[in-house]
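A.B. asks: Line order of the protein sequences matches chains Y and G.
Numbering follows our numbering, with no gaps: position 72 of the first sequence is 113.
Numbering follows our numbering, with no gaps: position 172 of the second sequence is 213.
No residue lacks a Cβ here, since even glycine has one placed at the ideal position from N, Cα and C.
Below is a structure I'd like to ask you about.
2 protein chains.
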Amino acid sequence: MTLDFQLLARDGSARYGRLATPHGEIETPVFMPVGSLGAVKGVPAPALREAGAAIMLSNLYHLSLRPGIEVIEKLGGIHAFTGWSGPILTDSGGFQVFSLARLRRIDEDGVTFQNHVDGGEMRLTPESVVEAQRRLGVDIAMVLDECPPWPVSRADAEASLDRTQAWARRSRKAWSGAPAGLFGIVQGSVFPQLRRRAIEELAALDFPGYAIGGVSVGEPAEDRHQVVEWSAPELPEDKPRYLMGVGTPWDIAHAVAQGVDMFDCVIPSRNARHGQLFTRQGVLRIKNARFKDDPAPLDEGCECACCATSSRAFLHHLFRCREVTGPVLATAHNIRFYLDFVRDLREAIPSGSMAEKLRSVQSVYASSRAVEPSS
Amino acid sequence: MTLDFQLLARDGSARYGRLATPHGEIETPVFMPVGSLGAVKGVPAPALREAGAAIMLSNLYHLSLRPGIEVIEKLGGIHAFTGWSGPILTDSGGFQVFSLARLRRIDEDGVTFQNHVDGGEMRLTPESVVEAQRRLGVDIAMVLDECPPWPVSRADAEASLDRTQAWARRSRKAWSGAPAGLFGIVQGSVFPQLRRRAIEELAALDFPGYAIGGVSVGEPAEDRHQVVEWSAPELPEDKPRYLMGVGTPWDIAHAVAQGVDMFDCVIPSRNARHGQLFTRQGVLRIKNARFKDDPAPLDEGCECACCATSSRAFLHHLFRCREVTGPVLATAHNIRFYLDFVRDLREAIPSGSMAEKLRSVQSVYASSRAVEPSS
């Protein structure tokens, strides 16, 4: 089988749907926690399931480096290897090649680079990336794309897009007959005509799903939102739409309202490690001295194990002492927050309350200072 | 109430019992996971409960430094603060003062030192330690003792013991009427006459329980075992006996056979962080290359979440990539192993199979190289 996507309800442009994959069904909009190396940092697979995750994201570039595709294949594929039995989407590594690797040489056929772990030379081509994801046994694979930096000139963006589109055609051909789904990736930076061209050409290739890529590369939120507003309505109605690497709660709510169905982002896990905790009332910086003797749970409305047993004062204490249990509790909480948050957005669609929901998210999370980037 | 201890069965010198505390009953022999700062590193309270822990150990010295007794008292005591609702035993800090702190000055009245966090001056007296544990609301408190290094001369050990015994008398008086239990601590290093004298004097003070201290300070296992063999049979029959900071599975099995009831040790958690994993077949050093493509679970006989979902190959991968999920899974597993291990010893007592159990533990774990110290 390939993927089966059904749209079940709409509210404005927002869509409520169901995506069937070889390892189970997902209700959309959906948030995919990031386990680049096969596990969300500090949240083992059983805890991830318990938090309500329906699908995990992993990363071909990272897994190719360590432990290597061959090892995972020998162990029975990515589900057996990671212990995550639900659906898995892998990113192709395009983003990582352009953000982590060094000494890149791009040619028409693919990209050669030094990896960020031991500096060894690696080469990715559209066909090798498709083949590797097939060997991993993922439910949703992504094509190899070129992810230009921000800002980039229109000429450079266009040259890059030419390559990405050629690679997409080769990827589609190479994937043909595979037992899962391959998504095309829309590039084109902040140039609406390039984005439109990318969408038209990719739609003609009839991918099982489409991603909006090339965002979350340092651009202002307004630019990111504009890209979503141009792109989402143009994408094929009957296929899932995935916004890559986005974002804050406000970014996600905005994109859901524009008709995006799938999200992944490291913000909940990365920011948790730095003590930036999401609540229904906004972000708490738990290391702040004012939490030293605060007996309240992190988030009154949350049912995670952290909120059930730990006060803000206890979390503050663990973070101040650099005890690993602090980040462990905080990451589990933030992941749960994101999953609950997107579930609430999803439930707003059939009930027709998306506009109201959007306003309430905006009032709490739209300030540019509400969520600070953590590194 | 104070503590209520009932002996329910014996097998040789080994004892199966039940200890009632203000926060619940404990079956003994029991292993107490170590959460010095209020949480076992990487294992939040709900996961600790799920692993089968009945009582948690914490530490007065560490908690006095951060966040401070006043904060914990204000937040409703140590159970409310840590989110661990079961029984809690706190060590007095005597061991930490002599292992972590700097520039100690001991006088008859107490000990003054620079703490290991910010170098600030702190002072502990027998009365202040008892009072602080009372304010924390612990179920079992420990007296302030002086923990001599190993090796130590007999003259120095005796002078130190004089002080520890004087402090024990003052502690007993200060604790009188408290709503939980205070344990006396037997010192005397590796000198049997000093150990015997300590036991006689402490027994006369009628503590609710007795600890064997001054071990796990670098001495060879044979010396440690000798101290247990001299001390355990001399301790009052009708009170729980706690061997502090011990040890390997073989140390624990040996001590249970000598009639010890309670244990704490950082070995399962600390060694887990270094990839040293306990199994029913012995210790695995998971970073070893031979586990790179081993599809077996860590320990076939274990029912923990780690063993249910993670192969040795996956754990190897996480450790090699320094992913925090590796230590998190490993620590949960090792804690579960120790809890299961001591439960199996406990169950061997009423069934009369302690000797057989002891032989099987010895064959797997008695080699001095079976468990390497991790730092």
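#1: Based on the DSSP output, what are the partners of Asp52 (chain G) in its beta bridges?
#2: Please name the residue in Y:Arg51, Y:Leu318, Y:Pro85 whose C-alpha comes closest to that of Pro368 (chain G).
#3: Please confirm if His157 (chain G) has its CB atom under 9 Å from at least one CB of chain Y.
#4: Smallest Cα separation from Val258 (chain G): which of G:Thr320, G:Glu187, G:Trp208?
#5: Tell me, to the nearest whole angstrom, how far the beta carbon of Val324 (chain Y) is from that of Ala411 (chain Y); I am working on the premise that it is less than 8 Å.
#6: Between the stretch 307-314 of chain G and the stretch 363-378 of chain G, do three or more beta carbon pairs fall short of 8 Å?
#7: Under 8 Å by Cβ, that's how I've got Arg282 (chain G) and Phe248 (chain G) pegged, so tell me the actual separation to the nearest angstrom.
#8: Closer than 7 Å by beta-carbon distance: list the chain Y residues that pair up with Val369 (chain G), in chain order.
#9: If you pair each beta-carbon of the stretch 232-246 of chain G with each one of the stretch 270-279 of chain G, do three or more pairs fall below 8 Å?
#10: Apart from the five residues on each side of it in sequence, which residues of its chain come closer than 6 Å, Cβ to Cβ, to Asp52 (chain Y)?
#11: Indicate whether at least one CB of chain Y lies closer than 9 Å to the CB of Trp291 (chain G).
#12: For Tyr251 (chain G), which option in G:Val75, G:Ser404, G:Ser54, G:Met183 has the closest C-alpha, if you only look at C-alpha atoms?
#13: On the DSSP bridge list, what partners appear for Gln317 (chain Y)?
#14: Between Asp150 (chain Y) and Thr166 (chain Y), is the Cβ-Cβ spacing less than 9 Å?
#15: Could you round the C-beta distance between Arg118 (chain G) and Gly76 (chain G) to whole angstroms and report it? I think they count as a contact, below 8 Å.
#16: Please list the terminal residues of the continuous beta strand (DSSP E) segment that includes Thr43 (chain G).
#17: Use the C-beta contact count for Gln47 (chain G): other C-beta atoms within 10 angstroms, 16 or more gives buried, fewer gives exposed.
#18: Per DSSP, which residues does Asp132 (chain G) bridge with? Please list them.
#19: One question on the structure: do Leu437 (chain G) and Arg107 (chain G) come within less than 9 Å of each other, judged by their Cβ atoms?
#20: Tell me the rounded alpha-carbon separation between Ser416 (chain Y) and Lys82 (chain Y).
#21: Within 10 Å of its beta-carbon, does Ala298 (chain G) have 16 or more other beta-carbons around it, so buried, or fewer, so exposed?
#22: Using a Cβ-Cβ cut-off of less than 7 Å, give me the residues of the stretch 96-110 of chain Y that come near chain G, in sequence order.
#23: Looking at C-alpha atoms only, which residue of G:Arg387, G:Cys306, G:Gly93 is the closest neighbour of Ser127 (chain G)?
#24: With a threshold of 9 Å between beta-carbons, can His357 (chain Y) be considered close to chain G, or not?
#25: Let me know the alpha helix (DSSP H) ranges lying completely inside the stretch 245-282 of chain G, each 4 residues or longer, listed in chain order.
#26: Between Gly79 (chain Y) and chain G, is any beta-carbon pair separated by less than 9 Å?
#27: Considering only the alpha carbon of each residue, which of G:Leu185, G:Trp271, G:Ala198, G:Leu141 lies closest to Ser230 (chain G)?
#28: For Thr205 (chain Y), name the three-state secondary structure that DSSP assigns.
#29: Could you give the first and the last residue of the continuous beta strand (DSSP E) run that contains Leu185 (chain Y)?
#30: How about the stretch 253-269 of chain G and the stretch 378-388 of chain G: do they share at least three Cβ pairs that are nearer than 8 Å?
#31: Can you give me the Cβ contacts of Leu116 (chain G) inside the same chain, cut-off strictly under 7 Å, excluding the 5 residues immediately before and after it?
#32: Closest to His103 (chain Y) by CA distance: which of Y:Val138, Y:Ala95, Y:Arg90, Y:Ile129 is it?
#33: Just curious, the beta strand (DSSP E) that Phe224 (chain G) is in, first and last residue?
#34: I need the straight-line Cα distance from Ala221 (chain G) to Cys343 (chain G), nearest angstrom please.
#35: Suppose you measure from the CA of Asp148 (chain Y) to the CA of Glu66 (chain Y); what does that come to, to the nearest Å?
#36: Taking Leu165 (chain Y) as part of the alpha helix (DSSP H), name the residues at either end of that continuous run.
C.D. replies: With the given structure in hand:
#1: Residue 52 (chain G) sits at position 11 when you count from the first residue of the second sequence. DSSP, once it has assigned bridges, lists G:Ala55 as partnering Asp52 (chain G).
#2: Sequence index remark: in the second sequence, residue 368 (chain G) carries index 327 (1-based). Per the Cα distances, Y:Pro85.
#3: Counted from its first residue, the second sequence places residue 157 (chain G) at position 116. Using a CB distance cut-off of 9 Å, His157 (chain G) does not count as an interface residue toward chain Y.
#4: Residue mapping note: residue 258 (chain G) aligns to position 217 of the second sequence, counting from 1. Checked all of G:Thr320, G:Glu187, G:Trp208; the closest Cα to Val258 (chain G) is G:Glu187.
#5: The sequence position of residue 324 (chain Y) within the first sequence is 283, counting from 1. The sequence position of residue 411 (chain Y) within the first sequence is 370, counting from 1. Beta-carbon to beta-carbon, Val324 (chain Y) and Ala411 (chain Y) are separated by about 6 Å, close enough to satisfy the 8 Å threshold.
#6: Counting Cβ pairs under 8 Å, three or more are found: they touch.
#7: Here residue 282 (chain G) refers to the residue found at position 241 of the second sequence. Here residue 248 (chain G) refers to the residue found at position 207 of the second sequence. Actually they are not in contact, since the Cβ atoms of Arg282 (chain G) and Phe248 (chain G) sit about 11 Å apart, beyond 8 Å.
#8: Working through the second sequence from its first residue, we reach residue 369 (chain G) at position 328. Within 7 Å Cβ-Cβ: Gly83, Pro85, Val369.
#9: With a cut-off of 8 Å, the stretch 270-279 of chain G and the stretch 232-246 of chain G count as touching, because enough Cβ pairs lie within range.
#10: Here residue 52 (chain Y) corresponds to residue number 11 of the first sequence, with the count starting at 1. Excluding positions up to five away in sequence, the list reads Ile390, Gly393, Met395.
#11: Within the second sequence, the letter at position 250 stands for residue 291 (chain G). By the rule that beta-carbons nearer than 9 Å mark a contact, Trp291 (chain G) does not touch chain Y.
#12: Stepping through the second sequence from its first residue, residue 251 (chain G) is reached at position 210. Nearest C-alpha to Tyr251 (chain G): G:Met183.
#13: Residue mapping note: residue 317 (chain Y) aligns to position 276 of the first sequence, counting from 1. Per DSSP, Y:Arg326.
#14: Position 109 of the first sequence, counting from 1, holds the residue named residue 150 (chain Y). Position 125 of the first sequence, counting from 1, holds the residue named residue 166 (chain Y). Their beta carbons are under 9 Å apart, which means Asp150 (chain Y) touches Thr166 (chain Y) by this criterion.
#15: In the second sequence, counting from the first residue as 1, residue 118 (chain G) sits at position 77. In the second sequence, counting from the first residue as 1, residue 76 (chain G) sits at position 35. One detail in the question is off: residue 118 (chain G) reads as Gly in this sequence, not Arg. About 15 Å separates the two Cβ atoms, so there is no contact after all.
#16: Mapped onto the second sequence, residue 43 (chain G) falls at position 2. Element bounds for Thr43 (chain G): n/a, residue is neither H nor E.
#17: Within the second sequence, numbered from 1, the residue matching residue 47 (chain G) stands at position 6. That one is exposed.
#18: What you label residue 132 (chain G) is simply residue 91 of the second sequence in a count that begins at 1. Bridge pairing for Asp132 (chain G): G:Asn100 [DSSP].
#19: In the structure displayed, chain G extends from 42 to 416; residue 437 (chain G) sits before or after that span and is not available.
#20: Locating residue 416 (chain Y) in the first sequence gives position 375, where the first residue counts as 1. Locating residue 82 (chain Y) in the first sequence gives position 41, where the first residue counts as 1. Its pLDDT being 48, under 50, Ser416 (chain Y) is placed unreliably in this model, and the coordinates cannot settle the point.
#21: Here residue 298 (chain G) is taken as the residue at index 257 of the second sequence, counted from 1. Its Cβ being crowded by 16 or more others within 10 Å, Ala298 (chain G) is buried.
#22: The stretch 96-110 of chain Y vs chain G, Cβ under 7 Å: Arg107, Pro108.
#23: Reading the second sequence from its first residue, position 86 is the one you call residue 127 (chain G). Here the sequence assigns Gly to residue 127 (chain G), which means Ser is not the residue at that position. Out of G:Arg387, G:Cys306, G:Gly93, G:Gly93 has the C-alpha closest to the C-alpha of Gly127 (chain G).
#24: Within the first sequence, numbered from 1, the residue matching residue 357 (chain Y) stands at position 316. The beta carbon of His357 (chain Y) falls within 9 Å of a beta carbon belonging to chain G, placing the residue at that interface.
#25: Listed in chain order, they are 262-272.
#26: Residue numbering aside, residue 79 (chain Y) sits at position 38 when the first sequence is read from its first letter. At least one chain G Cβ lies under 9 Å of Gly79 (chain Y).
#27: Working through the second sequence from its first residue, we reach residue 230 (chain G) at position 189. For Ser230 (chain G), the nearest C-alpha among the options comes from G:Ala198.
#28: Here the question's residue 205 (chain Y) lines up with position 164 in the first sequence. Note: Thr205 (chain Y) maps to helix in three-state DSSP.
#29: As a position in the first sequence, residue 185 (chain Y) is number 144, starting the count at 1. Careful: Leu185 (chain Y) lies outside any beta strand (DSSP E) and carries neither H nor E.
#30: The stretch 253-269 of chain G, when compared against the stretch 378-388 of chain G, does not touch it at the 8 Å Cβ threshold.
#31: In the second sequence, residue 116 (chain G) corresponds to position 75, counting from 1. Excluding positions up to five away in sequence, the list reads Phe122.
#32: Indexing the first sequence from 1 puts residue 103 (chain Y) at position 62. Of the candidates Y:Val138, Y:Ala95, Y:Arg90, Y:Ile129, the one whose C-alpha sits nearest the C-alpha of His103 (chain Y) is Y:Val138.
#33: Here residue 224 (chain G) corresponds to residue number 183 of the second sequence, with the count starting at 1. Where Phe224 (chain G) is concerned, the enclosing beta strand (DSSP E) starts and stops at 222-227.
#34: Numbered from its first residue, the second sequence carries residue 221 (chain G) at position 180. Numbered from its first residue, the second sequence carries residue 343 (chain G) at position 302. Each residue's Cα considered, the two are about 35 Å apart.
#35: By one-based count along the first sequence, residue 148 (chain Y) stands at place 107. By one-based count along the first sequence, residue 66 (chain Y) stands at place 25. Those two C-alpha atoms are separated by around 38 Å.
#36: By 1-based counting over the first sequence, the position of residue 165 (chain Y) is 124. Note, Leu165 (chain Y): premise wrong, no alpha helix (DSSP H); beta strand (DSSP E) at 162-165.
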